[in-house]
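**Student:**
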Amino acid sequence: MRFIIFVIDQATNSGNPAEMRAIDAFNDGLRTNGQWVFAAGISAPDLATLVDNRDGLGNVVSASLFAEHDFYSGFWVIDAESVEKAHKLALAASQACNRRVEIRPLLA
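Rendered as structure tokens:
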């Protein structure tokens, strides 16, 4: 099963050196255990563009869906054999990056 773990933050590139080392160690563990799929940081919402072409609307706006001060600053896509294992990995991810995280199953 695949899951996405979103890192919740109030800034991008906010990790201090100790947090970055912990994230690297977490990533290494995912790779070693065959659970790593992909991970990346995400730019701040002020660089976002909302696009809506439903019914040919052609609307392109410099804005973010997120209006709050908390937003997703990065993510992991992981493989886990169960929801319980995915939740354990999310706990480890939260500890590694020292941020709250949100986990969701992927639908494909």
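First residue of the sequence shown: 55, per my numbering; consecutive thereafter. Every residue, glycine too, gets a C-beta built ideally from N, C-alpha and C.
Taking only three categories from DSSP, how would you classify arginine 158?
**Tutor:** strand
**Student:** Answer yes if the segment 145 to 159 comes into contact with the segment 66 to 86, meaning at least three C-beta pairs across the two stretches below 8 angstroms, and no otherwise.
**Tutor:** Between the segment 66 to 86 and the segment 145 to 159 there are three or more C-beta pairs closer than 8 angstroms, enough to call the two in contact.
**Student:** Quick one: measure Cβ to Cβ for leucine 145 and alanine 134, integer angstroms, because I've assumed they're closer than 8 angstroms.
**Tutor:** So it is not a contact: roughly 12 angstroms between Cβ atoms.
**Student:** Pick from Asp106, Leu111, Val61 and Gly112: whose alpha carbon is nearest that of leucine 119?
**Tutor:** Asp106
**Student:** Classify leucine 104 as helix, strand or coil using the three-state DSSP reduction.
**Tutor:** strand
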